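The listed protein sequences derive, respectively, from chains P and B. All residue numbers for the first sequence refer to the working numbering, where the first residue is 2 and numbers rise by one. All residue numbers for the second sequence refer to the working numbering, where the first residue is 2 and numbers rise by one. The beta carbon of each residue, even a glycine, is placed where N, CA and C say it ideally should be. What you are looking at is a predicted structure, and each value in this text was computed from that prediction instead of being measured. Presented below is the structure to which this report refers.
2 protein chains.
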Amino acid sequence: MISRFYICRMKKAGILGGGQLGRMLLQVAANYPVETYVMENDENCPAAHLCDHFVKGDITRFDDVYQFGKGLDAITIEIESVNEEALCKLEQEGVKVYPSPAALKIIKNKIVQKQFYKDNEIPTSDFVITQNLLELQLQQNFLPAVHKVGMGGYDGRGVQIIRTREDMEKGFDAPSVLEKMVNIKKEIAVIVAVNDKRETAVYPSVDMLFDQRLNLLEYQISPADLPEKVLWKVEAVAMKVVKNLNSAGIFAVELFVDINDNVFVNETAPRVHNSGHHTIEANYCSQFDMLWRVMLGYPLGSTAHILPAAIVNLVGAEGFSGPAHYEGLPEILQLENIFVHIYGKKETRPGRKMGHITIISKEKQELIHQANRIKQTVRVVCRQ
Amino acid sequence: MISRFYICRMKKAGILGGGQLGRMLLQVAANYPVETYVMENDENCPAAHLCDHFVKGDITRFDDVYQFGKGLDAITIEIESVNEEALCKLEQEGVKVYPSPAALKIIKNKIVQKQFYKDNEIPTSDFVITQNLLELQLQQNFLPAVHKVGMGGYDGRGVQIIRTREDMEKGFDAPSVLEKMVNIKKEIAVIVAVNDKRETAVYPSVDMLFDQRLNLLEYQISPADLPEKVLWKVEAVAMKVVKNLNSAGIFAVELFVDINDNVFVNETAPRVHNSGHHTIEANYCSQFDMLWRVMLGYPLGSTAHILPAAIVNLVGAEGFSGPAHYEGLPEILQLENIFVHIYGKKETRPGRKMGHITIISKEKQELIHQANRIKQTVRVVCRQ
């Protein structure tokens, strides 16, 4: 009878990190029978007030993560920089961990991640590993290239473009990977869900357009505009990444398509991802819904889109640090086909992700038109 | 400068009641810059863990409601049985109240509500008021009719069908309204949003199909299948109700269409409503999103549907009272075009609203097919 009770009681699921990804996960969690837990070191974080149990703690500390996860059925992350040793121990003790600690370990260090692509014959740009700035200096012949710090990069931090010898001083004096620059035609993201049975569900590819300066997404359009042959290649490469990671969870694979239609993996995130936010409104099963299905042992949902979509990220405007104000929001809320998501961060900072706006329409021109209109209208500034 | 600060700070908004309507309101609130408050007498209610501030209190007590509402910018309800005197005082002191206490007062007593329709020449079935069972006995010539208790009816309670003299003993020995039975061809619901400027937005009409025994919705389809001429009449009548209530907020007007295509108002709810749950996925701006727009002073959203929808309510199965278990849920989650909403109530009871499932499809036959499939598959029972 005990095992039967176990089957039927409400599952307990935890999220390490309480930012916007946790927030959006929790908005969907309320659709399912699940008891939710969040750990973050800030009780005013975006996700803190939307869970059943908020635990203040340091997600990078073994003890904090282990204590948090010990009584849970399932645990996931919304940021890679968590204590993976604790997750390993939890996994050994029967807690289901999404992604698996082994996959997380590969992804969280960009040197290891890059080596993983190479070892598994997954197409990725050439690279060399540099332990410090001195070693970087020796790689003049490898330029132009992108220097990525092994550990701790996030949201455009920890990445430097090194075109010339002079740029080298911007590089990292720490273990890093120097990646040969690809002659990029397009940047694409593909989100793949994997359940415990290793069944997979692939979302339509997304076209990503970047702000080169901040290395932040400017806007994205789904489905991506790619010739069928390239699309197949993109999906095949993304699937190969995910299969070789050998882990359940949600994975966002970012890829480059070069001018010769070659496909290279750039990076993979082992979690819900900014490139999938449009799935909330535009697809039958959103990436957040999908992760709950995986964690709760439900069937995978449909990744098909209901309508094509675009997303504009709302990032903190330059020159403003402090209590956030969303200039132009009422004006944009007059548009018929848009969906606003403000993340509830108390303070804005230049380049900080403060929200996003999704546009859905069957007309691609309409998506682009509205995206530009939103970019020109909405600004995250400080209260005056 | 103080007034400027006032304009820009995050608004505080409260909900009286912490059931599924509050829960779904709070899922959407996380998309907007708003600080949320909920009052309910049960800290395990469906909405308690999804707000910034949960206050345990009795929504029918003046002091509790007044203290709760005093510091807020806006307040709304998810059930009619709240203390409206406290809402009146809050309104006088500058808190925005949705619906207005005056409108709430009309609606909350079914006798007053019925009289309101008559006074404003809004088509509704004939009626007589009965103060007790003795007065009911005098109305044999008025049968068949429906007896509705003035105060405190909810979810099918407080309503009795009186076809014959023998049925009269099932009537209410309290102030009630006896409504002449309409020869119903269809039951329709129309949701209308009204903002502070008295601008309105009307959602497409919904076809409602009832379980006669429990008087609970069986399933509903949107948009309703009505000849254009009848549709116009339905919308015109719903608008007349809302205009005469003279209040901002969200209103669900339930109507009968009789066999001669005459339209009668049945009842109005001054809040988000079960008949609008499909708008979460099927319409650009859901009823929950719309109420936040009204409360936060944003423009009204689009009520247009993205795709037609059906809803099946998940109510507690007969014979089960206790910890809820959702039989058949994994099977239904395999369907491509469905969206599950479980309300997180700890205990099921026969007829209790425990969740709903939305189906979206451009094919009406597909909506009906899936609705029936869901009804045959999902059962809310107890854990074994």
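Practice task
Identify the contact partners of Asn275 of chain B in chain P, using a Cβ-Cβ distance below 7 Å as the criterion.
Solution key: What Asn275 of chain B touches in chain P: nothing, since even the nearest Cβ is about 16 Å away.
Handout entry: Under 7 Å by beta carbon: chain P residues contacting Pro300 of chain B
Key = Pro331, Leu334, Gln335
Handout entry: Rounded C-alpha distance that separates Val379 of chain B from Asn314 of chain B
Key = Answer to the nearest angstrom: the Cα atoms are 10 Å apart.
Practice task
Using a threshold of 8 Å, state whether the C-beta atoms of Phe128 of chain P and Leu88 of chain P are closer than that.
Solution key: The criterion of a C-beta distance shorter than 8 Å is not satisfied by Phe128 of chain P and Leu88 of chain P.
Exercise for the section: List the DSSP bridge partners of Asp208 of chain P. Expected result: P:Ile189, P:Ile222
Exercise for the section: Return no unless some Cβ of chain P is closer than 8 Å to the Cβ of Pro34 of chain B. Expected result: Judged by the 8 Å Cβ criterion, Pro34 of chain B is in contact with chain P.
Handout entry: Proximity test, Gln371 of chain P beta-carbon vs the ligand PLP heavy atom, cut-off 7 Å
Key = With respect to the ligand PLP, the structure shown offers nothing to examine, as it has no ligands at all.
Handout entry: Asp197 of chain B burial status per 10 Å Cβ neighbour count (16 or more: buried)
Key = Exposed: under 16 other Cβ atoms inside 10 Å.
Problem - Helix, strand or coil at Asp65 of chain B [DSSP, three-state] - result: For Asp65 of chain B, the three-state secondary structure derived from DSSP is helix.
Exercise for the section: Could you tell me which uninterrupted alpha helix (DSSP H) segments, each at least 4 residues in length, are contained entirely in the stretch 76 to 157 of chain B, listed from first to last along the chain? Expected result: 85 to 93, 102 to 109, 111 to 120, 134 to 138
Practice task
Check the Cβ-Cβ distances between Leu134 of chain P and every residue of chain B, and say whether any is below 8 Å.
Solution key: no
Exercise for the section: Could you name the residues that DSSP lists as bridge partners for Asp259 of chain P? Expected result: P:Ile185
Practice task
Find out if the Cβ-Cβ distance for the pair Ile16 of chain P, Val35 of chain P is shorter than 8 Å.
Solution key: no
Problem - chain B contacts from the stretch 339 to 351 of chain P (Cβ-Cβ distance under 8 Å) - result: Phe340, Val341, His342, Ile343, Gly345
Practice task
Return the Cβ separation of Ile307 of chain P and Thr359 of chain P in integer angstroms, given the expectation that the two are a contact with Cβ distance under 8 Å.
Solution key: Not really, about 12 Å apart at Cβ, beyond 8 Å.
Exercise for the section: Would you check if the distance between the CB atom of Gly320 of chain B and the CB atom of Ile192 of chain B is smaller than 8 Å? Expected result: no
Exercise for the section: Check whether the Cβ of His357 of chain B lies closer than 8 Å to any Cβ atom in chain P. Expected result: Interface annotation, His357 of chain B: not in contact with chain P, CB-CB separation never under 8 Å.
Practice task
Can you have a look at Ala237 of chain B and say buried or exposed, based on whether 16 or more other CB atoms are within 10 angstroms of its CB?
Solution key: Exposure of Ala237 of chain B is indicated by the presence of fewer than 16 other C-beta atoms within 10 angstroms of its C-beta.
Exercise for the section: Could you tell me which chain P residues have their CB closer than 7 Å to the CB of Gln28 of chain B, listed as they occur along the chain? Expected result: Gln28, Ala31
Exercise for the section: Check whether the stretch 345 to 360 of chain B touches the stretch 295 to 306 of chain B, counting contact only when three or more Cβ pairs, one atom from each stretch, lie closer than 8 Å. Expected result: no
Handout entry: Cβ-based neighbour list, Val150 of chain B, same chain, cut-off 6 Å, excluding 5 preceding and 5 following
Key = Gly159, Phe173, Ala175, Ser177
Practice task
Express the C-alpha separation of Phe117 of chain B and Leu368 of chain P in angstroms, rounding to a whole number.
Solution key: 46 Å
Exercise for the section: Would you list, in chain order, the members of the stretch 40 to 55 of chain B that have their beta-carbon closer than 7 Å to a beta-carbon of chain P? Expected result: His50, Leu51, Cys52, Asp53
Exercise for the section: Assign His148 of chain P to buried or exposed, taking buried as 16 or more other Cβ atoms, counted over all protein chains shown, within 10 Å of its Cβ. Expected result: buried
Practice task
Sort P:Leu137, P:Leu73, P:Asp168, P:Arg62 by Cα distance to His54 of chain P and report the nearest one.
Solution key: Among P:Leu137, P:Leu73, P:Asp168, P:Arg62, the Cα nearest to that of His54 of chain P is on P:Leu73.
Problem - Partner residues on chain B for Ile307 of chain P, Cβ-Cβ distance less than 8 Å - result: Ile307, Leu308, Ile361
Practice task
Select from B:Lys12, B:Thr37, B:Arg164 the residue whose C-alpha is nearest the C-alpha of Gly18 of chain B.
Solution key: Of the candidates B:Lys12, B:Thr37, B:Arg164, the one whose C-alpha sits nearest the C-alpha of Gly18 of chain B is B:Thr37.
Exercise for the section: Throw me the rounded Cβ distance for the Val83 of chain B and Ile112 of chain B pair, which I believe falls under 8 Å. Expected result: About 18 Å separates the beta carbon of Val83 of chain B from that of Ile112 of chain B, a gap too long to meet the 8 Å contact definition.
Practice task
Determine the DSSP secondary structure at Thr359 of chain B, reduced to helix, strand or coil.
Solution key: strand
Handout entry: Other residues of its chain near Lys241 of chain P: CB distance less than 8 Å, five sequence neighbours each side excluded
Key = Asn121, Ile123
Practice task
Specify the secondary structure class of Val379 of chain P as computed by DSSP and reduced to three states.
Solution key: coil
Handout entry: Partners in chain B for Ser303 of chain P, counting only beta-carbon separations shorter than 8 Å
Key = Glu337, Asn338
Practice task
List the endpoints of the continuous beta strand (DSSP E) containing Gln1 of chain B.
Solution key: Nothing in the structure corresponds to residue 1 of chain B, since chain B is present only between 2 and 385.
Exercise for the section: Output the distance between the C-alpha atoms of Phe252 of chain P and Ile108 of chain P, rounded to the nearest integer angstrom. Expected result: 11 Å
Exercise for the section: Give a yes or no on whether 8 Å exceeds the smallest Cβ distance from Tyr38 of chain P to chain B. Expected result: no
Practice task
Examine chain P for any beta-carbon lying closer than 8 Å to the beta-carbon of Arg374 of chain B, and answer yes or no.
Solution key: no
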